[in-house]
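Reviewing the structure listed below.
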Amino acid sequence: MPVHEIRLVPQANLLVAAAGDGHLYLIDTNSGQTIRKIETGIPSLHALSVSRDGTLLATGGVTQLPADRAVPHIYSVETGRRLQQLPGQPTTIESLEFSADGNWLAVGSRYENVQMIGLSGGQHRTLAADRRHLWLSTSSDGRVLAVQKSSAQILLADLHPPFSENLLQLPMNSSYAAWLPKSRDLLSVSQEESTIRLFDTASGAVKCEFVAGQLQIEAFYVSEDGLLLLAGTNSGEVVAWRVPVPLPELSKNGSAAAEVVQISPIGIWHLATSAVTSVAATHASIYASS
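Numbering (our numbering), first residue to last: 234 to 523.
Below you can see the structure in the form of structure tokens.
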């Protein structure tokens, strides 16, 4: 049974897995035991998000008959009860992201524009970016949602009035990206490469590079404190790096780092027999799905 996405709920010491059999599995990170199995009714789950306060889960996946729509579901972490079904999407839902205040859910479905759906009803916003949305990421301060706009462009959408939108042009293709916690810097990687780059979002300049040799990166995770970076590879490895503190500075004109620092891994572990689709970590354990 494939697991397409995993997420930690640190407030409840839980790991949540969205599985290809349509179930959400809630796993106690202390004991390793599955404490709840939620039947969603969705044939195969592909996306998962946890609200920042750890109280809500959002999941979605493939389209379902008779409407042939992919429907996002919201669940209570505490009870496992389904709280909401949101408007259906025309194609498979591949990514979900709660806003920092938990009032909005961003929905990324395959080759469709990203939909921002208000959870209290009525509000709706469309972000024009009709790509495969394998990821969505909200900045630490909760102000900006990053969305894949094109192969080398990231749309930065302000989540507060006046709801402005800006484009970040990257010097490389990007398959996955995520905000570095406690900063306005963005981590990005192309599936064809083995290097994760840290970009300054004001200028698009590279601050540093996390290199994985010849390993092809499929997914990555950044710890809440922004100090640990993990990547899953297409051959089943998990690679770990320490994020430098302080971060490298840009040159005086802000166009590039004074010297692009290349950071080597602190560890590589072979944890799966196939590609790692999602990765996460607590202070004691590393988790990978495949």
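Just so it is clear, CB atoms sit at the ideal spot from N, CA and C, and this is done for glycine as well.
Under the DSSP assignment, Gly-294 falls in the beta strand (DSSP E) whose first and last residues are 289 to 294. Here Ile-501 is near Glu-470, since their CB atoms are less than 8 Å apart. Contact check between the stretch 441 to 457 and the stretch 406 to 414: three or more CB pairs, one atom from each, fall below 8 Å, which counts as touching. Using a Cβ-Cβ distance cut-off of 8 Å, the stretch 361 to 376 and the stretch 311 to 319 are not in contact, since fewer than three pairs of beta carbons, one from each stretch, lie closer than that value. Distance check between Leu-419 and each of Arg-302, Leu-389, His-279 and Glu-425 places Leu-389 closest, using alpha-carbon atoms only. By alpha-carbon distance to Pro-276, the top candidate from Ser-328, Leu-257 and Arg-417 is Leu-257.
Between His-279 and His-237 a beta carbon distance of about 5 Å is seen, short of the 8 Å cut, so the two are scored as contacting.
In the DSSP assignment, Ile-499 forms no beta bridge with any residue. In terms of Cα proximity to Arg-417, the closest of Leu-403, Phe-432 and Ala-445 is Phe-432. In the DSSP assignment, Asp-334 is bridged to no other residue. Contact between the stretch 319 to 335 and the stretch 256 to 270 is absent, with fewer than three C-beta pairs closer than 8 Å. At a Cβ-Cβ threshold of 8 Å, Gly-437 and Leu-413 do not count as neighbours. No Cβ-Cβ contact shorter than 8 Å links Arg-302 with Phe-331.
In this structure Val-509 is in contact with Ser-522, their Cβ atoms being roughly 7 Å apart against a cut-off of 8 Å.
Judged by DSSP secondary structure, Asn-346 falls within the beta strand (DSSP E) whose first and last residues are 345 to 351. Of Ile-429, Thr-434, Ala-435 and Asp-458, the smallest CA-CA separation from Val-444 is found for Ile-429. A direct Cα-to-Cα measurement between Asn-346 and Thr-359 gives close to 7 Å. Thr-434 and Gly-354 have their alpha carbons spaced roughly 32 Å apart. Per the C-alpha coordinates, the member of Gln-386, Gly-446, Ile-326 and Ser-282 positioned closest to Thr-296 is Ile-326. Membership of Phe-453 in the beta strand (DSSP E) is indicated by the continuous run 450 to 455. Val-249 is positioned such that its CB atom lies no closer than 8 Å to that of Val-304. When DSSP states are grouped into helix, strand and coil, Gln-447 belongs to the coil group. The three-state reading of DSSP puts Ala-517 in coil, since its state is none of H, G, I, E or B. Fully enclosed alpha helix (DSSP H) runs of no fewer than 4 residues are not present anywhere in the stretch 361 to 419. Distance between Gly-351 and Gly-446, taken at the CA atoms: about 43 Å.
In the three-state scheme derived from DSSP, where H, G and I count as helix and E and B as strand, Ala-245 is classed as helix. When secondary structure is reduced to three states using DSSP, Val-509 falls in the coil class, being assigned neither helix nor strand.
Beyond the five residues adjoining it in sequence on each side, Met-405 comes within less than 8 Å, by CB distance, of Ala-385, Ser-421, Ser-423, Glu-426 and Arg-430 in the same chain, given in chain order. Put simply, the backbone Cα of Ala-513 is about 9 Å away from that of Leu-462.
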